[in-house]
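Some notes on the structure that comes next.
There are 2 protein chains.
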Amino acid sequence: MTPTDHEQRLRGVGLRVTRPRVAVLAAVHEAPHADTDALIGVVRRDLPDVSHQAVYDSLRTLTEAGLVRRIQPRGLVARYESRVGDNHHHVVCRSCGVIADVDCAVGEAPCLVASDAGGFVIDEAEVVYWGRCPSCTD
Amino acid sequence: MTPTDHEQRLRGVGLRVTRPRVAVLAAVHEAPHADTDALIGVVRRDLPDVSHQAVYDSLRTLTEAGLVRRIQPRGLVARYESRVGDNHHHVVCRSCGVIADVDCAVGEAPCLVASDAGGFVIDEAEVVYWGRCPSCTD
DNA sequence: ACCTTTTCTTGAACCAGTCAAGAAAGTGAC
DNA sequence: GTCACTTTCTTGACTGGTTCAAGAAAAGGT
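Read top to bottom, the protein sequences are chains A and B. Note that the first sequence covers residues 438 to 575 in my numbering. Note that the second sequence covers residues 438 to 575 in my numbering.
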C-alpha cells in the first residue's frame with residue numbers, strides 16, 4: 438500500500454485527497470484496531486503538526502465512505518481497521534483489551550439472519566466475542 | 438414483580454437491600470432498554486431525592502451481580518434490561534435508536550463459537566443487528 | 001492563476017460516566 | 001433493641017473522548 442494507492446482509493450470514493458487523509462488511511466493500515474489517540478501518534482510521525490480534529494474528521498469521513506471500519510466494543514473507545522467489506526468479527530480480551538479478527542463459525546454467516554426481527558429491516562450484524570487472549574490466560 | 442421479589446433477588450446474590458437498589462431493579466423491569474438518564478427519572482418517581490450517583494452505583498452492582506444486563510451499542514449510551522441468562526440479542530434502529538430483543542436465528546446459538554479464535558478463551562458472544570424499525574421504514 | 005467549496009487549525013465546549021470525602025443506612029452479634 | 005462495623009449514599013468536582021464553531025488554508029475545476 439503506497440501513498441499513491443491511498444490517493445486513488447480516496448478519489449475512487451469521490452473524496453478530496455489531503456495529506457491528513459492519506460496519512461490517516463496509511464495509519465489505519467499500519468496499526469489495525471488502534472484507537473484514535475494511537476492513530477494520532479502514528480499520523481504525526483509523518484505530519485507532526487496535524488491537529489487531533491483533522492484526524493477525527495478524517496476518520497469519520499473515511500468511515501462514512503467505507504474505506505475504514507469503526508469498531509467500538511462496549512466500554513472501550515472507538516477503534517479502526519482497514520479490513521472492510523468482508524464478514525469478519527472481533528474477539529476482545531476482557532483483561533488487556535486487545536482485539537483480534539475472527540471469521541464467523543459458519544462461512545455463510547447464518548447468525549446474521551435473526552429468526553424474528555420484529556418487523557425491523559436489518560442490514561448489518563455485528564458480533565463481538567469476549568474472553569481472554571493467550572497472554573492473559575496464563 | 439413486587440418490591441419483595443426484588444428484595445429477595447438482591448439477598449439471593451448476597452447484596453444488601455437498599456431503597457435505591459430496589460427502585461433501580463424495579464425501574465429496569467418497568468422500562469426495558471432504557472438508558473441511565475431515563476432510569477433515574479423512573480427511580481425518582483419513588484425516591485425523589487435519590488442521587489444520580491446512587492443509580493449509577495446500583496446499576497453497576499446489579500450488572501456485576503447478574504441481576505440486570507448492560508447493553509451498549511456503538512455510539513449509544515449504556516442501556517439496561519432485566520432479561521438475563523438467556524441467549525437473546527438486540528436489533529437497533531439506525532434512525533431512531535430504539536432497541537428490540539431478538540433470538541438467535543438458530544436455537545443453539547451456533548454463531549457463538551468462533552471458527553478460529555486465535556487462542557482466545559471465549560466466554561461470551563454479543564450480537565447486535567442494525568437496521569430500521571417498522572416506524573422508521575415507512 | 002482564480003474562484004468556490006471543502007477541509008484544517010485553534011480553542012472551547014459537551015456530557016456520560018467516574019472519583020473522593022464524609023454522612024447515612026444496612027447487617028450481624030450481643 | 002442496641003452497638004459496632006461495613007457498605008452504600010450524597011454532594012460536588014472532575015475526567016477524557018468526542019464534538020462544535022469560526023476563521024484560515026488547501027483542493028479542484030474553469
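Every residue gets a Cβ at the ideal spot worked out from N, C-alpha and C, and that includes glycine.
Legend entry - Simplified DSSP state of A:C573, which is helix, strand or coil: Of the three classes helix, strand and coil, the one that applies to A:C573 here is helix, per DSSP.
Inset, instruction - Report yes or no: do the segment 514–525 of chain A and the segment 457–476 of chain A share at least 3 C-beta pairs separated by less than 8 Å? - result: Proximity of the segment 514–525 of chain A to the segment 457–476 of chain A meets the contact definition, three or more beta-carbon pairs being nearer than 8 Å.
Inset, instruction - Could you spell out where the alpha helix (DSSP H) holding A:A460 opens and where it closes? - result: Its alpha helix (DSSP H) spans residues R456 to E467.
Legend entry - Inter-residue CB distance, B:L452 and B:T498 (contact presumed, cutoff 8 Å): Between B:L452 and B:T498 a beta carbon distance of about 6 Å is seen, short of the 8 Å cut, so the two are scored as contacting.
Legend entry - Alpha-carbon spacing of A:D575 relative to B:D483, whole angstroms: Cα-Cα distance, rounded: 48 Å.
Legend entry - A:D538 Cβ short of 7 Å to the ligand NAD heavy atom set: By its list of ligands, the structure shown contains no ligand whatsoever, and the ligand NAD lies outside what it can speak to.
Inset, instruction - Over the uninterrupted beta strand (DSSP E) stretch that includes A:H526, give me the two end residues. - result: Start and end: H525 to C530.
Inset, instruction - My understanding is that B:V521 touches B:R531, with C-beta atoms under 8 Å, so please give their C-beta distance in whole angstroms. - result: The pair is not a contact, with the Cβ atoms about 26 Å apart (cut-off 8 Å).
Inset, instruction - Take B:D560 as the anchor and find which of B:G478, B:N524 and B:C570 has the nearest alpha-carbon. - result: For B:D560, the nearest C-alpha among the options comes from B:N524.
Legend entry - Span of the alpha helix (DSSP H) around B:A491: Here the alpha helix (DSSP H) through B:A491 covers H489 to A502.
Inset, instruction - Determine the closest residue to B:Q490 out of B:M438, B:V529 and B:D474, with distance taken between C-alpha atoms. - result: Minimum Cα distance to B:Q490 is reached at B:D474.
Inset, instruction - With 8 Å as the threshold, decide whether the Cβ of A:I477 is near any Cβ in chain B. - result: Not an interface residue.
Inset, instruction - Confirm, please, whether the CB-CB distance from B:V450 to B:G503 is below 8 Å. - result: For B:G503 and B:V450, yes; Cβs fall inside 8 Å.
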